[in-house]
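Following: one structure in structure tokens, then a few remarks.
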Amino acid sequence: MAEKHVVVLGAGFAGLNAVRVLSREPSLRVTLVDRNNYHLFQPLLYQVASAGLEAPQIAFPVRAFLRRHKNARFLLGSAEGIDAEAKVLMVEGKPVPYDYLVVGSGTRTNDFGLPGVAKYGYAMKTLDDAMRIRDRIISAGEEASRTADPQRRKALMTIVIVGGGPTGVELAGALGEVRRHVIPRDYPGVDLSEVRIILIEGSDRLLDAFAPSSARYAQRFLERLGVEVWFGERVVEIRPDGVKLLSGKFIPTFTAIWSAGVTGQGIPGLPTTRGNRVATAPELYVPEHPEIYVAGDMNSLEYKDGRPYPQVAPVAMQQGRLAAQNILRHLHGKEQRAFRYFDKGNMATLGRNAAVAEVKGLRLTGFLAWAAWLGVHLYYLAGFRNRLMVLGNWAYSYFTYDYAVRVMHHRHEFPALETQAEQAGELVNA
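For the sequence shown, the positions run 72 to 501 when the working numbering is used.
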């Protein structure tokens, strides 16, 4: 068999699992392309943002991963487009020819076109995003500890999280723990009543993918931590000094974190559908170009009832493996297989000794769910050294009630607050 070249775009969960399978075929040459030189374990990004973990502990070098895959190489660069007819991927102006292409480039934050979200809101999709949030929160605490203006101090110590899915809920829980255990010791001059964590959800419940009983448990736990959970409110604008809601309310804050939705990355040359995702055959290839496979968050396959598969790591991992297996089947003249999602369940952690977990009808809350969440995330985290360091940080935080990584890399400056006269009829009082 003549050597074939497979290009894998994206070093996320889909891309790495595709490379693992493809590298078993000695007749293949594999090139993994990504704009970063590391694989990011996104489920723990919120812990970097809340100062629980250091950024390198949830990132693993791509070249270290490829050491065990002798026929795979890495190319650092951003994909600019695909010429499907010529079978070429353009990476920063240079053509990368392929015989097969696996696209696993993931998603980006969806701001829904709302004013100020992209400019003043803080997304949480990358390591840089998480570190900016951490620096923002620490900078706000430092200024709040020395300002004499009570309204400014309240705005500095108010954090608004938009979106009540797993990302928003887990971040709210982590920041609730910071509010309860860290702020009183680090900032004794700040009145704890002025520290507000506000979680805004447009629907009438949290964690839409979970059972109502799990959602109620999560809400009760967050509220016990001091998190304010607002239902039925929709953000219409994020300003430099606050968040405006559809109801007309205005929340003075300098830190608005956006976790309300994602959309596909979108690559020129690939036809996209709803959510900027790519429609594929059940075997994961693009019907118009069967040598192109799409795996993970970019794929728009649906369940039989019309619901799209969730944009979560297990789906990406399973699709990445199947895309690679189907390439090998095609090479060997075998029939390709359709994607069937094996749902391992849902998990979300809330704080110390508290989480929700649902696995095939079994619903767990509290300590058992929390312990299961810890074990699953440690297992899937790439790199033995990373696992040891993350476990060490978790143990330190658990036994000391302290978050270990409260180092500010870049100090943030904050604009002036508008006067209350300018906010007449909008201001939400603490």
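Ideal placement from N, C-alpha and C gives every residue a C-beta, glycine not left out.
Predicted model, so just to flag it, every value in this text is computed and none were measured.
Taking residue i as part of the beta strand (DSSP E), name the residues at either end of that continuous run.
i: I322; result: 321 to 323
i: K132; result: The amino acid at residue 132 is misidentified as Lys; the sequence shows Pro. Residues 130 to 132.
i: Y258; result: Neither: Y258 is in no beta strand (DSSP E) and is coded neither H nor E.
Cβ atoms of residue j and residue i: under 8 Å apart, would you say?
i: V162; j: S149; result: yes
i: L270; j: V300; result: yes
i: M195; j: I328; result: yes
i: S330; j: G234; result: yes
i: G332; j: I322; result: no
i: R310; j: G273; result: no
i: H360; j: A155; result: yes
i: D170; j: V240; result: no
i: G335; j: L278; result: no
i: A89; j: G337; result: no
Kindly indicate which three-state DSSP category residue i falls into: helix, strand or coil?
i: D105; result: strand
i: I232; result: strand
i: E359; result: coil
i: G454; result: coil
i: A155; result: coil
i: P311; result: coil
i: K431; result: coil
i: N181; result: coil
i: I269; result: strand
i: M161; result: strand
i: V77; result: strand
i: E406; result: coil
i: Y474; result: coil
i: P353; result: coil
i: V298; result: strand
i: P385; result: helix
i: Y380; result: coil
Is residue i near the ligand MN, with its Cβ less than 7 Å from a heavy atom?
i: P259; result: The ligand MN is not part of this structure, which contains no ligands at all.
Closer than 6 Å by C-beta to residue i: which residues in its own chain qualify, once you throw out the five before and the five after it? Chain order, please.
i: H481; result: D206
i: G83; result: G175, G177
i: M228; result: A215, E265, V266
i: Q494; result: For Q494, the predicted model reports a pLDDT of 49, less than 50, meaning its position is unreliable; a value from the coordinates is still stated below. Only F321 meet the Cβ criterion.
i: K415; result: P385
Grab the span of the alpha helix (DSSP H) containing residue i for me, first residue to last.
i: N370; result: It is not in any alpha helix (DSSP H) - N370 carries neither H nor E in the DSSP assignment.
i: E489; result: Taken as a continuous stretch (DSSP letters only), E489 belongs to no alpha helix (DSSP H), as it is neither H nor E.
i: Y171; result: No alpha helix (DSSP H) contains Y171, which is instead part of the beta strand (DSSP E) from 171 to 174.
i: R223; result: 221 to 227
Whose C-beta lies closer than 7 Å to the C-beta of residue i among residues of the same chain, with five residues either side of it excluded?
i: A243; result: I232, I268, L270, L293, V298
i: Q507; result: Nothing can be reported for residue 507: it is not among the residues displayed for the chain, which extend from 72 to 501.
i: Y472; result: H252
Determine, for residue i, whether the minimum Cβ-Cβ distance to residues of chain C falls below 8 Å.
i: H252; result: Note that chain C does not occur in the displayed structure, where there is just one protein chain.
Starting from the C-beta of residue i, find all residues in its chain whose C-beta is less than 8 Å away, skip the five residues before and the five after it, and write them out in chain order.
i: R477; result: A122, I209, V253, D257
Checklist entry - Would you call the stretch 125 to 144 and the stretch 445 to 460 in contact, with 3 or more CB pairs under 8 Å? => result Yes, the stretch 125 to 144 is in contact with the stretch 445 to 460.
Checklist entry - So does the stretch 329 to 343 actually touch the stretch 385 to 397, counting three or more Cβ pairs closer than 8 Å? => result These segments do not touch.
Checklist entry - On the three-pair Cβ rule with 8 Å, is the stretch 182 to 192 touching the stretch 459 to 471? => result Contact fails: fewer than three Cβ-Cβ distances are below 8 Å.
Next on the checklist: Could you check whether the stretch 271 to 289 touches the stretch 420 to 437, counting it as contact only if at least three pairs of C-beta atoms, one from each stretch, sit closer than 8 Å?
Outcome noted: Three or more Cβ pairs closer than 8 Å define a contact, and the stretch 271 to 289 meets that threshold against the stretch 420 to 437.
Checklist entry - Is there contact between the stretch 167 to 174 and the stretch 361 to 370, where contact requires at least three CB pairs shorter than 8 Å? => result Yes: at least three Cβ pairs fall under 8 Å.
Next on the checklist: When you compare the stretch 431 to 449 with the stretch 100 to 109, are there three or more beta-carbon pairs, one atom per stretch, that lie closer than 8 Å?
Outcome noted: No: the two stretches stay apart, fewer than three of their Cβ pairs being nearer than 8 Å.
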